[in-house]
Structure formats: C-alpha cells, structure tokens
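Enquirer: Last residue of the sequence shown? That's 629 in the UniProt record's numbering, and every number before it is there in order. For glycine and all other residues, C-beta sits at the position ideal for the given N, C-alpha and C. Only a predicted model underlies this, so the values are computations on that prediction, with no experimental measurement involved. Could you have a look at this structure, given as structure tokens, before my questions?
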Amino acid sequence: LDGVPEVVDQIPLHDATWALPPEGTDPRVIAWVEKMAHLTTPDTVVWCDGSRREADELIRGMIDQGTLIRLNADHRPYSFLARSNPDDVARVESRTFICSADEADAGPTNNWAEPAQMRSELEDVFAGSMAGRTMYVVPFSMGPLGSPLARVGVQITDSPYVVVSMGIMTRMGHEALAQIHPDTEWVPAMHSVGAPLSPGEPDVAWPCNATKYISHFPETREIWSFGSGYGGNALLGKKSFSLRIASVIGRDEGWLAEHMLLLKVTNPKGRVFHVAAAFPSACGKTNFAMLKPTIPGWTVETIGDDIAWLAPGPDGKLRAINPEAGFFGVAPGTGMSTNSTAVETIWGNTIFTNVALRPDGDVWWEGLTDTPPDGLVDWTGRHWTPLSGVPAAHPNSRFTVAASQCPTISDDWDDPRGVVIDAIIFGGRRATNVPLVAEARGWEHGVFIGATISSERTAAAEGIVGELRRDPFAMLPFCGYNMADHWQHWLDVGEGLRKTGGVPRIFQVNWFRKGDDGRWLWPGFGENGRVLAWILERVEGTAAAVESPVGWLPAPGAIDYAAAGVPDADWAELFAINPAAHLAEADDAEKFFGTFEGRVPAAIIDQLDELRARMRAAQA
Ligand code: GTP
Ligand code: SPV
Ligand code: MN
10 LDGVPEVVDQ IPLHDATWAL PPEGTDPRVI AWVEKMAHLT TPDTVVWCDG
60 SRREADELIR GMIDQGTLIR LNADHRPYSF LARSNPDDVA RVESRTFICS
110 ADEADAGPTN NWAEPAQMRS ELEDVFAGSM AGRTMYVVPF SMGPLGSPLA
160 RVGVQITDSP YVVVSMGIMT RMGHEALAQI HPDTEWVPAM HSVGAPLSPG
210 EPDVAWPCNA TKYISHFPET REIWSFGSGY GGNALLGKKS FSLRIASVIG
260 RDEGWLAEHM LLLKVTNPKG RVFHVAAAFP SACGKTNFAM LKPTIPGWTV
310 ETIGDDIAWL APGPDGKLRA INPEAGFFGV APGTGMSTNS TAVETIWGNT
360 IFTNVALRPD GDVWWEGLTD TPPDGLVDWT GRHWTPLSGV PAAHPNSRFT
410 VAASQCPTIS DDWDDPRGVV IDAIIFGGRR ATNVPLVAEA RGWEHGVFIG
460 ATISSERTAA AEGIVGELRR DPFAMLPFCG YNMADHWQHW LDVGEGLRKT
510 GGVPRIFQVN WFRKGDDGRW LWPGFGENGR VLAWILERVE GTAAAVESPV
560 GWLPAPGAID YAAAGVPDAD WAELFAINPA AHLAEADDAE KFFGTFEGRV
610 PAAIIDQLDE LRARMRAAQA
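In structure tokens form, the structure reads like this:
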C-alpha cells in the first residue's frame, strides 16, 4: 500500500459513464482509487456526485435489498428505517487503532499497532473484500466548502448506507472533489463492510464482518475501516477524520479538533455569545445544542451537536466551526418534553437506525412518548410488547438528518470564518461528587478539569453501561495522539490566546447528579438554560459567585432553581462537596497521570496538588 501506485487497466466496469472520474479530478485521487479497486476487486466503481438523484437511486436499491424500510410518508416523508446486524450497533473501541510510528505518540489511552504490521493485516483483509459489490468513491468536505478552516477527504466504501449517510453528514460530492488541487492535503479514508459475495450469492440486509478494524495512520493522515457499517465506525468523515486525524493535524498546526457541540446564545439584552461544550458520548451534546431555555428572555440556537474545530483567528480570538453538515443523534430519550427541537428536525428526510417500527409505518423509541403504541416491531424485527422485558429501540439507536432541517439552526452555523467562542464547558455523567456547575479558576484549572473528566459509560460504544471511566476532554476514544500531549497543546493554545486577549472562560457542568434514592437531582434539558445563563452572566461580569475547592459556584440567589421545581435540599445536594471523596478521586487521577510516563504537563500536576491542598483545608 506504500509507494507509487500501479495503474490498473482491468477494473471490470458495468457502466462506463458512471465509472469515469469527473473531469479535472486530481490524478493522486484517481491513482489511489485505482489502487484500492485493484486491492478489493469490486464489480463496479461509482464516483459519487452528491446529487439528490444519486441518493434516491441508492435508497431504492437499499429498499429492494431489505437494507432500508420505507416509512409511511403520511407520517414521516422520505424517511427510512435501517436495522443493523445485532452485532454491529456501536463503536468498537477495542478494535480502534492509532498506528503512529512511535508507540508513545499514541499514548496509553489508545490501542497502538505497529504501522507495517497493521498495513499487512489490512492488506490481507481488504484483498478481494468488495467482490460482487460496488465501490463508491465519496469526496467530502468537513466544514463549509472553501472555508480556510475546512478540510477535504475522499472515502471509498462498498456500503450504499454509508454513501447516503455521508451525503447527509458532510458536504459530499463533486464540489468537494473540486476542492482538491495538486497541492491540496486530502485524507484518504478506505472503508469496506468486509462481506465479499461470490457469484450468485445472495446479499444480506446489513452486511458486515465479525472481524473489525478501525485503523488510523496519523503521520500519513490515512484511515482504514473494515467490517462495520455502523456510524462512528463507518462514516469516516466523523470520528475518524474530524477527531482522530484532525486532532493530529491541529496539534501540528496550532488548532483544536474536539468532541464538542457549538451553540449561539442571545441574552435578554440582545447580546450574542457562542459556547463550545464537550460531554462524552451519549451525555447530552445534541440535547444541549438544541436547548429550549425555560428561563425567560434567553434564546439558544444550534451550530453543531458533536464536533467542533477551534482555531485562533486572525483577530486573536478563538474561532470555531462545526465541520459536519448533519446530526447522527441518539434516539432514545428524544421526545417533545426533552428535546422538541430534535423531534421537529426529524419530521422527514431522515434515516433511522435500530429504532422500533409502529404498525402505521412510523417509528418509535423509548422516551418519544410516555407510553409505547400497540403493535410495535422492535429493532431486531420481532413483535414487541412492554412485557418483552427489553427495550423496543436499541439504546444506541440513532437518527441521521441534515443540520439545515433543524428549526433552531443558527444563521452563522456555516459561516466560513467560524464563530468567536466566549465560554467552554466540560461535562460528564456523574451520579456523585461533580457539582451542577462550577467555573474554573483560570485556563490551567480549566484544562485540568477537562483532563480529569470521568463519566459513566453509555451505550454509544461496546462495554458495560454505567461503569465509571476516565474520559479526558470527552476525547478518550477520539484523540489521535498522546492524550497528555493534548493537554499540553491546550495549555499552549491558551497561552497564545492570552497574548491576543482571546481566552474564553472555562466551566464544568453535571446534569446527572443523583440523590441517595437514585433520582435525578436536577431536571435537566430546558432547565439547563438557567445554568447556561449563569455561565454567560459570569462571562459578562454580572453574576455573583462564591469560591469553593472545586472552583467558583453560583452565589445564593444567582440561579432561580425554585422556578425549575428544585427544592432547597436538592439544590444543596447538587453542590455538596465531600472532601474525602474528592481526595480519593485525586488519588485516582494521580494513578491515571502515572500511566503517561512523565508526559503529563507540570501545570496539570500543579493543579492536582492545589486541588488536594484546597480539599485538605476544607476537611480540616
Ligand atoms: P453522542 O451523539 O453519542 O456524542 O451523544 P450526545 O452527547 O449528543 O448525547 P445526547 O444529547 O444524544 O443525549 C444522550 C442521552 O442523554 C439521551 O437519552 C438524552 O435524553 C439524555 N440527556 C440529555 N440531556 C440530559 C439532561 O439534561 N438530563 C438528563 N437526565 N438526561 C439527559
Ligand atoms: C459518539 O459515540 O460519540 C457518537 C456516535 O457521536 S458515533 O458516530 O458512533 O461516534
Ligand atoms: Mn459523539
């Protein structure tokens, strides 16, 4: 796979008009596609143009194949249900690899694989892997076409589900391909479901392979994904490119690729703010990005729900874009009382994966309505009743929909210059210890908070749901290089912004604290707007705060929690600090830092020492 690509003259092409690369295509792209076709031996090669007609043809083909079920257009126009293979429902972190030349550059939080060894394994599994299938060439731009902050890639895939999903999630097609000139850096992203067909062999609805590889080569900026058709494993513009590869490009070039939502807030006086927030997978980014605040006078608009690229701008401020063009959102828990904006976004033109099917041809999932409708078919295709004892929709079932369909999409969501960031928020899913909200004491303390996020596991990846794990910057599965170097990079970016007067304030939030009886102490969702308002009043300099060992907390009276229906006792518990528990967490953080073999920045170790000193003083 290294070296000069040999030109292949014998690709069997069924439809030459589709198979020819568009005029003006960069010869490096053509050479790579030919090489990959030679390796994987597809029946046909198709260069995708990103048109509606093309998507419609693919969708019709998938309906014939049983991959997609057309939903009742009276309820959900031009929308479809996909049921995946039951073993292909989430990201596979154990099979996700960072293949840096030096193992230490991947760091202890990534699975490292030796690049030459990985290349030879990949060559084996990809050899002939597209036999009997069509190879699609999918050019895409992450970020507005032509934006100085945007980057281009080309994904090859043998999955029409992936092509159509990439068409929703990215700026995909001819215009993206036209961005690639002889000197453009572009990311080749190779994908196969790994299910070749022998002549005459019937296909299945969701082809995949029990053996999976989600491999990244940070130095050569390449992605190789094999065996899965599921979102984060297969839509390679998303986590593989926009986080794992982009984080490395950002490290090298002085910017940040983060697992963050982006939103715009207008306060009652009409002042506009922009906020970036990092929460781990399935911990509330989509919901927060689409927030309808219950607090009067405040408006929230949506810019992005999963990924942000942040770069110091020509004005010395931190500017951010959402590199994506769609939402791949968690379905369960999405309902009119929690996230009505999402419900309104997915009125039509939406692909649902692994949700339940109603007898009237519409979809359903836990939390869409309080009670399930009769006659549901669950995500595995079986008849379901509340007595079935399992959820009707898979806990990681998702909707895929264009961002432009979101009724609260902000007018500056695709501004090629990005938006100026006023505040950065880190959050996690913590039943104990972490307060509802705290303001960091400064940039270094904020970076420390990001570095020490821990969160209870969710269904977004394989593993035991509920288990507490460290998830620094909500980037544990997504940082393409040594996590400790990522913290240093954040310190460096902050240092640069300090010089130009563009350092945003940093906050920590936790919507998920529970009482001893196991119920949520905070109602969350729309009420989170009260917390957001306090955060932006801090930025503006108008909200009062009191010092605490974990940072600045809202002063009494600064947040009207009674209006959110929260009793005084619960409010107190949301901010209760147990120094012994924090000291135990500090010991755990020290252990975690110890796994980085001396690469943790001194400023971060200092923050840990200072936290301990403050907790000991609080204990005394
Ligand atoms: P990824 O797409 O996996 O990165 O997830 P995400 O961070 O966008 O999470 P999302 O907003 O989809 O929320 C995941 C789950 O958390 C859903 O079931 C939500 O209903 C639930 N959730 C979101 N916000 C809140 C909140 O404020 N309180 C509570 N209790 N649950 C919430
Ligand atoms: C996440 O797991 O953080 C997601 C879904 O946003 S996936 O695209 O699978 O990564
Ligand atoms: Mn995510």
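1) Going by C-alpha to C-alpha distance, which of W373, F408, L300, P157 sits closest to residue 3?
2) Whole-angstrom Cβ separation of A449 and L562, contact assumed at under 8 Å?
3) Does the region 344 to 362 touch the region 82 to 95, meaning 3 or more C-beta pairs lie closer than 8 Å?
4) Taking 8 Å as the cut-off, decide whether the C-beta atoms of A185 and V161 are in contact.
5) Would you list the one or two residues that DSSP bridges to K273?
6) Look up Q517 in the DSSP assignment and say whether it is helix, strand or coil.
7) Below 8 Å, can you find three or more Cβ-Cβ pairs linking the region 253 to 261 to the region 484 to 498?
8) Nearest to P323 by CA position, among Q188, A340, L158, is which residue?
9) Can you name the start and end residues of the beta strand (DSSP E) that A232 belongs to?
10) Jot down the residue ranges of each uninterrupted beta strand (DSSP E) in the region 304 to 384, minimum 3 residues, whole runs only, in chain order.
11) Just verifying my parser: in three-state terms, what is the DSSP assignment at T295?
12) Tell me whether F435 sits in a helix, a strand or coil according to DSSP, three-state version.
13) Can you check whether the CB of R180 is closer than 8 Å to the CB of S138?
14) Could you name the residues, in chain order, whose CB is less than 6 Å away from a heavy atom belonging to the ligand SPV?
15) Would you decide whether P416 is buried or exposed? Buried here means 16 or more other CB atoms lie within 10 Å of its CB.
16) Taking its Cβ as the centre, do 16 or more other Cβ atoms sit within 10 Å of S129, making it buried, or is it exposed?
17) Let me check understanding here. Comparing Cα to Cα, which of A611, G560, T308 lies closest to T350?
18) Is it buried or exposed, Q628, if we count other Cβ atoms within 10 angstroms and call 16 or more buried?
19) Does the beta-carbon of S392 have 16 or more other beta-carbons within 10 angstroms, so that it is buried, or is it exposed?
20) Examine the ligand GTP and report whether any of its heavy atoms sits within less than 7 Å of the Cβ of K301.
21) Could you pull the start and end residues of the alpha helix (DSSP H) that V548 belongs to?
22) Can you check whether the CB of W215 is closer than 8 Å to the CB of G238?
23) Suppose contacts are defined by Cβ-Cβ distances below 8 Å. Is R507 in contact with R547 by that definition?
24) Which term fits D525, buried or exposed, when burial requires 16 or more other beta carbons within 10 angstroms of its beta carbon?
25) Could you tell me if the beta carbon of H268 falls within a distance shorter than 7 Å of some heavy atom in the ligand MN?
26) In this structure, how does DSSP classify A629 when only helix, strand and coil are distinguished?
27) Mind checking which residues open and close the alpha helix (DSSP H) that includes R507?
28) State buried or exposed for H591, treating a residue as buried only when at least 16 other CB atoms are found within 10 Å of its CB.
29) Using only the alpha-carbon positions, how far apart do L271 and N587 sit?
30) Report yes or no: do three or more beta-carbon pairs, one from the region 455 to 462 and one from the region 196 to 206, lie closer than 8 Å?
31) Quick check: V428 and D421, are their CB atoms within less than 8 Å of each other?
32) Can you tell me which of the three DSSP states M45 falls into?
33) Taking one C-beta from the region 573 to 583 and one from the region 531 to 540 each time, how about it: are there three or more such pairs within less than 8 Å?
34) In whole angstroms, give me the CA-to-CA distance for I623 and G240.
Expert: Here's the rundown:
1) Only positions 10 to 629 of the chain appear in the structure, and residue 3 is not among them; the question remains open.
2) With a Cβ gap of about 12 Å, A449 and L562 do not count as contacting.
3) Between the region 82 to 95 and the region 344 to 362, the count of Cβ pairs shorter than 8 Å is three or higher; the stretches touch.
4) For A185 and V161, yes; Cβs fall inside 8 Å.
5) Note: K273 is bridge-paired with H283, E310 in the DSSP secondary-structure output.
6) Strand, per DSSP.
7) A contact exists between the region 253 to 261 and the region 484 to 498.
8) Checked all of Q188, A340, L158; the closest Cα to P323 is L158.
9) Contrary to the premise, residue 232 reads as Ile rather than Ala in this sequence. Annotation: the continuous beta strand (DSSP E) that includes I232 extends over 231 to 235.
10) As far as the region 304 to 384 is concerned, its whole beta strand (DSSP E) runs of at least 3 residues are 308 to 313, 317 to 321, 327 to 330, 335 to 339, 360 to 362.
11) Of the three classes helix, strand and coil, the one that applies to T295 here is helix, per DSSP.
12) Collapsing the DSSP output to three states places F435 in a strand.
13) With a cutoff of 8 Å on beta-carbon distance, S138 and R180 are scored as not near each other.
14) Any residue whose Cβ sits closer than 6 Å to a heavy atom of the ligand SPV makes the list: R100, G240, G241, K247, K248, S290, D315, F337, A469.
15) P416 sits exposed, since fewer than 16 C-beta atoms from the chains shown fall within 10 Å of its C-beta.
16) S129 comes out exposed.
17) From the listed residues A611, G560, T308, the smallest Cα separation to T350 is found for T308.
18) So Q628 counts as exposed.
19) The identity of residue 392 in the sequence shown is His, whereas the question assumes Ser. By the 10 Å Cβ count, H392 comes out exposed.
20) No.
21) Under the DSSP assignment, V548 falls in the alpha helix (DSSP H) whose first and last residues are 537 to 549.
22) Using a Cβ distance threshold of 8 Å, G238 and W215 count as a contacting pair.
23) Between R507 and R547, the C-beta spacing is not below 8 Å.
24) Counting every other CB atom within 10 Å of its CB across the protein chains shown gives D525 a total below 16, marking it as exposed.
25) Between the ligand MN and H268, a heavy atom-to-CB distance of less than 7 Å is present.
26) In the three-state reduction of the DSSP assignment, A629 falls in the coil class.
27) According to the DSSP assignment, R507 belongs to the alpha helix (DSSP H) that extends over 492 to 509.
28) Buried.
29) So the two alpha carbons sit approximately 32 Å from each other.
30) Judged by Cβ distances under 8 Å, the region 455 to 462 makes no contact with the region 196 to 206, as fewer than three pairs qualify.
31) Yes, Cβ-Cβ distance for V428 and D421 is below 8 Å.
32) Note: M45 maps to helix in three-state DSSP.
33) Enough Cβ pairs lie closer than 8 Å, so yes.
34) Ile is not the amino acid found at residue 623; the sequence shown has Arg there. The straight-line gap from Cα to Cα measures roughly 43 Å.
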